[in-house]
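Residues in the sequence shown are numbered from 13 upward in steps of one, following the working numbering. This report concerns only the one structure given below.
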Amino acid sequence: MLTPLARCGVAAAVLSLTLCIPSPHAHATATATAPGPDAAGAAARSAASAARTAAADAGAELVARRAAQAAGALDFRACPAVEELPPPVRCATLRVPLDYARPDGPRIPLTVSRVPATRQGGAARQGALVYNPGGPGASGMFFPLVSGLPEWERIGAAYDLVGYAPRGVGRSAPLSCEEPAAPTKGPTQVPAEPSAAYKQRRVAEARAYAHGCAERAGAALPYYTTLDNVRDLHVLRAALGEEKLSFLGASYGTYLGAVYATLHPGHVRRMVLDSAVDPDPRRIWYVNNLDQAPGFERRWYDFRAWAARHHAAYRLGATPEAVQASYERVREAVARTPAGGAVGTGELQAAFLQAAYYDDVWPERAAALSAFLAGDPGPLAEQARPDPESAAARENARAVYTAVLCNDAAWPAQWETWDRDNTELARRAPFETWANAFLNLPCAYWPVGERQQPVAVGGRPGTAGARPAALPRTLVVAAERDGATPYPGALELQRRLGAEAALVTEEGAGSHGVVGGRNDCVDRHVERYLLTGDTSGWRVTCAPHPEPAPVSLDDRAARGPGKVPRALLPPVV
């Protein structure tokens, strides 16, 4: 999720006092530690934080200037086999400071991929279009592959398509917080309503995960932040030879892009922000994650309503309530006897969370439930069983996700706060509330003593509520029923980016990640904006993309190469 989402207290003290080093990345930083004994001490800490921030920002500007001046700052060659990126994609490595306050200090590698503009049909090259798929913790290295898809033909003719793995992700100084084999043993049994004892077990696991992050990352842990990701993006822009950034960001990538636009408005050319995070500093990140619960509940209802409309195909029930009852029967069964020996209630929940993200998976998930209830657990086991070969990648994504979100803002440090808020929320949105809470709970015990105060998107640094100077037209894209990034966040992002921000809404739809092959109307708006800089208006709407047709698992397996749905960008997260 924006989820695969504390302070330096007892947990950190048990580890080592050296782990409680202050983060140097906080614009107008707020600490998550207890208030100091006097106002003078607080003022001194605030001044020191401001000085560290200024040093890091100055370091980023210095590194960006050097990258812009260096011939061949990015040496693109055939991609290493581990990337699984065939020609014409080429790869390079960009080295950036771990700590921008020490621009000549230790450096980390960022992997970058690119396909040059094809200039097909005589199109003029418009520069590089950089993509971030979100997470945080997701890699965009695959992105240049879309140059071969018909939906991207005109954009790929005008732009170099550039992907990269942000710091901590993939081969970009990879971060992990535990042995990747640990979470793949399965099956995992998760109660529908967590008991007090189960909650305490998850609290202990969250503490242990935070401990593992500190133990494995050491002194580098505070440097996985949104502000450091913005600084890396600033250097990447310069290394690509671009004075101004053209950017496509999805999910968390919208927040990354919005913070970049706020801090570097003069370096923005075109910016598409797809499936927008609510950037209100008061919601980053604890409240944003609470907001997801009712959003996922709506999408879970949408899936059940769709399955009910296709009762003749799946026999799961003719109403959403009847489909819920069918799901509960499956849940009870895998709680007793895991499907395929590996799929318990935890794996079942994770598989069907995908149905709340993307309606593309509705037919296969409904068919798997249907087959299970008919006595065949194989399809469900196949769809929900974790892949041992991807365990390291999953742990890497989770570690980066956790580190960035925990470092980015102060989180409630008392379990009682989490328990109260999520108990109340689960009464009206039970589908994903507790799973989301436990995923983010390491942030309550995070062993970094100083957290950022989130950047006020839409305001220049050092001002109160002022609009960014010289920010050109940007384009926000959102699905009205998106659960992961609820629609009010798109409205808030547009408001903060000002009158030059346009919004395209896919009405009545909820798949997360709208751009790139799902909706022709949305894609026409995005293509027009990227190619001309123009939009159709301040707020425009598109009809929803068609719902998936009900098909059996046998039907899906039998479809030939010419009969599969057109390719989409890989799912944003």
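Heads up, the beta-carbon is just placed ideally off N, CA and C, and yes, glycines get one too. All figures in this text were calculated on a predicted structure; none of them were measured in a lab.
{"Query": "Rounded straight-line distance, which links the Cα of V355 to that of G198", "Result": "7 Å"}
{"Query": "Exposure of T43, with buried meaning 16 or more beta-carbon neighbours within 10 Å", "Result": "Because T43 sits at a pLDDT of 35, beneath the cut-off of 50, its placement in the model cannot be relied upon, and the point is left open."}
{"Query": "DSSP three-state assignment for N531, whether helix, strand or coil", "Result": "coil"}
{"Query": "Segment contact flag, the stretch 282-293 with the stretch 499-511, C-beta cutoff 8 Å, min 3 pairs", "Result": "yes"}
{"Query": "Assumed close pair R249, L239 - CB separation to whole angstroms, cut-off 8 Å", "Result": "With a Cβ gap of about 16 Å, R249 and L239 do not count as contacting."}
{"Query": "Per-residue DSSP class, three states only, for E95", "Result": "helix"}
{"Query": "Sequence-distant residues of the same chain with beta carbon closer than 6 Å to Y143, five excluded per side", "Result": "G152, F155, G175 and L260"}
{"Query": "Beta carbon of V469 nearer than 9 Å to that of L509", "Result": "yes"}
{"Query": "Residue from D303, P178, L381 and A345 whose Cα sits closest to the Cα of N408", "Result": "P178"}
{"Query": "Rounded straight-line distance, which links the Cα of A170 to that of L543", "Result": "7 Å"}
{"Query": "7 Å CB neighbourhood of D314 in its chain, flanking five on each side removed", "Result": "R493 and G522"}
{"Query": "Alpha-carbon to alpha-carbon, Y112 and A70", "Result": "8 Å"}
{"Query": "Neighbour-count burial assignment, S207, 16 or more Cβ in a 10 Å radius", "Result": "exposed"}
{"Query": "Integer Cβ distance of C554 from V534, believed to fall under 8 Å", "Result": "5 Å"}
{"Query": "A18 versus E165: straight-line alpha-carbon distance, rounded", "Result": "Note that A18 has pLDDT 26, beneath the 50 cutoff, so the model's placement of it is unreliable and the number below is only indicative. Cα to Cα, A18 sits roughly 47 Å from E165."}
{"Query": "Under 9 Å between C-beta atoms of Y298 and W423", "Result": "yes"}
{"Query": "C-beta atoms of Q395 and A363 nearer than 9 Å", "Result": "yes"}
{"Query": "Distance CB(A513)-CB(V552) smaller than 9 Å", "Result": "no"}
{"Query": "Bridge-paired residues (DSSP) for I296", "Result": "I296 is not bridged to any residue."}
{"Query": "Contact set for F308: own chain, Cβ-Cβ below 6 Å, skip 5 residues either direction", "Result": "A368, F443, E444 and G495"}
{"Query": "P400 classed as buried or exposed, judged by whether at least 16 other C-beta atoms fall within 10 angstroms", "Result": "exposed"}
{"Query": "Which of helix, strand or coil DSSP assigns to S258", "Result": "strand"}
{"Query": "Where S125 sits in the DSSP three-state scheme", "Result": "strand"}
{"Query": "Pairwise C-alpha distance: R377 and T200", "Result": "19 Å"}
{"Query": "Spatial distance of S159 from A72 (CA atoms)", "Result": "31 Å"}
{"Query": "Neighbourhood of G269 by C-beta distance below 7 Å, restricted to the same chain and skipping five residues each side", "Result": "F259, G261, M283 and L285"}
{"Query": "Residue nearest to F450 in terms of C-alpha spacing, selected from W427, E436, L381 and T105", "Result": "W427"}
{"Query": "Beta-carbon gap between L245 and S184 smaller than 9 Å", "Result": "no"}
{"Query": "Residue environment, A90, which counts as buried when at least 16 other CB atoms sit within 10 Å", "Result": "exposed"}
{"Query": "When C189, H223, G253 and A232 are compared against L106, the one with the closest alpha-carbon", "Result": "G253"}
{"Query": "Whole runs of the beta strand (DSSP E) within the stretch 435-502, excluding any shorter than 3 residues", "Result": "486-491"}
{"Query": "Local conformation of P156 per DSSP, three classes", "Result": "helix"}
{"Query": "Option in G149, L157, A67 and G134 with minimal Cα separation from E96", "Result": "L157"}
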